[in-house]
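Trainee:
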Amino acid sequence: MNETNVSSSVLSRLTAEWDALTPEAQKAARYVLENPADVGVSTVREIAEAANVKPNTFVRMARQLGFDGYEDFRAPFRDAIRRGTASFPDRARWLQDIGRSGELGGLYADMVGAAIRNIEETFAGIDAERLKTAAEAIWDSRQVFTLGVGVNNANARAFTYLASTGMTDFHAIPRPGSTAVDDLAWADQRDVLIAMTSRPYRSEVVEAVRIARDQGLTVIALSDSPASPIIRAAQHGFVVAVDTPQFFPSSASTIALLETLLSFVIAVADDEIVTRVESFHRRRHQLGLYLQEPE
């Protein structure tokens with residue numbers, strides 16, 4: 000197992016131990032989960048100050064995970080840093096150039112940089128095998144419910160719309176005039192719930208995930224932190240980066256991840272799916288839904 004996988008394994012163990020941690024230890028764990036790069040470069044005193052807890056809190060947390068102490072705990076993170084990361088000098092130069100162009104050039108550069116960074120950070124933390132496992136759960140299910148409120152409702156509907164080109168029994172919830180928990184009333188262990196929310200976490204999404212687990216559904220969660228309540232409650236949790244210079248969370252990485260997840264579903268599905276997608280689009284052409292451009 001390489002160093003990056005080792006540090007990821009530590010984060011997974013930290014998430015699994017979450018409920019057994021004291022409130023102070025949970026503050027420390029949240030900081031580690033959300034800032035893993037800081038672990039490899041910070042002393043116990045420095046990281047405790049950043050997390051606003053006492054240094055002993057980090058020591059106790061490390062020991063609860065089976066490490067001798069904080070130094071032993073942070074070793075995998077230091078190894079991951081030594082491996083290095085890819086640099087993008089051309090992109091940096093491009094962002095600097097547009098940052099100097101015109102009155103809104105700085106904002107443009109900030110927004111573009113944030114979108115690229117969010118997608119990179121999201122996919123850097125997710126391996127293909129985890130996506131494949133979630134995709135297989137979707138394909139093997141009876142029904143798939145995709146839950147999002149606010150901007151994530153639009154993301155849920157876009158995912159459901161794309162899925163409907165080749166598959167049936169995909170539902171974006173809450174449906175108009177309904178609530179998410181009502182839409183899940185007759186769902187059970189044969190079904191999958193894909194849920195999305197970022198801080199400040201929407202209570203109706205958190206509650207729907209809890210009820211879905213009680214009813215036996217498989218939950219796939221997309222959220223902005225490994226410590227998110229829906230990530231911790233899900234069988235398949237994926238952290239999406241949503242930072243932006245503006246007041247709203249970015250949907251760029253959420254949309255990219257949903258599109259990738261759907262592509263994995265199609266990849267693990269029967270060959271019939273390809274035929275269904277082709278038939279769907281052939282029907283559209285026959286009904287004149289596409290503009291026929293001259294060849």
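Residue 146 in numbering that gives the first Met the number 0 sits at position 147 of the sequence shown; the count goes up by one each step and never skips. For each residue, glycine too, the CB sits at the ideal point set by N, CA and C.
(1) Tell me whether S278 sits in a helix, a strand or coil according to DSSP, three-state version.
(2) Opposite V143 in the DSSP bridges: which residues?
(3) Beta-carbon of I210 versus every beta-carbon of chain B: anything under 8 Å?
(4) Starting from A184 and walking both ways along the alpha helix (DSSP H), at which residues does that stretch end?
(5) Checking the sheet assignment: what are the DSSP bridge partners for F237?
(6) Grab me the residues of T186's own chain with a C-beta within less than 8 Å of its C-beta, minus the 5 sequence neighbours each way, in chain order.
(7) Starting from G287 and walking both ways along the alpha helix (DSSP H), at which residues does that stretch end?
(8) Hey, out of S224, Q234 and E206, whose CA is closest to D181's CA?
(9) Return the chain-ordered ranges of every beta strand (DSSP E) run that is complete within the region 103-165 and spans a minimum of 3 residues.
(10) Taking only the alpha-carbon atoms, compute the straight-line gap between D296 and E119 and give it to the nearest angstrom.
(11) Any idea what DSSP makes of Q245, helix, strand or coil?
(12) Nearest to R231 by alpha carbon, out of V148, L130 and A220?
(13) So does the region 195-209 actually touch the region 169-184, counting three or more Cβ pairs closer than 8 Å?
Mentor: The answer reads as follows:
(1) Taking the sequence shown and counting its residues from 1, one reaches residue 278 at position 279. Three-state DSSP puts S278 in a helix.
(2) The count along the sequence shown starts at 1 and reaches residue 143 at position 144. Its beta-bridge partners are F169 and V191.
(3) Within the model displayed, chain B is absent; a lone protein chain is all it includes.
(4) Against the sequence shown, residue 184 aligns to sequence position 185. Looking at the DSSP string, A184 is not in any alpha helix (DSSP H), and its letter there is neither H nor E.
(5) Residue 237 sits at position 238 when you count from the first residue of the sequence shown. According to DSSP, which records beta bridges pairwise, F237 is partnered with L221.
(6) By one-based count along the sequence shown, residue 186 stands at place 187. As written in the sequence, residue 186 is Ala, which differs from the Thr given in the question. Contacts found: Q142, F144, L192, A211, Q214 and L216.
(7) Mapped onto the sequence shown, residue 287 falls at position 288. Premise fails: G287 is in no alpha helix (DSSP H) and is neither H nor E.
(8) Counting from 1 along the sequence shown, the entry for residue 181 is found at position 182. Looking at the Cα atoms, E206 is the closest of the given residues.
(9) 143-146
(10) Nothing can be reported for residue 296, as the shown portion of the chain is limited to 0 through 294.
(11) Here residue 245 is taken as the residue at index 246 of the sequence shown, counted from 1. The answer is coil: DSSP assigns Q245 none of H, G, I, E or B.
(12) One-based indexing of the sequence shown puts residue 231 at position 232. Nearest of V148, L130 and A220 to R231, Cα basis: A220.
(13) yes
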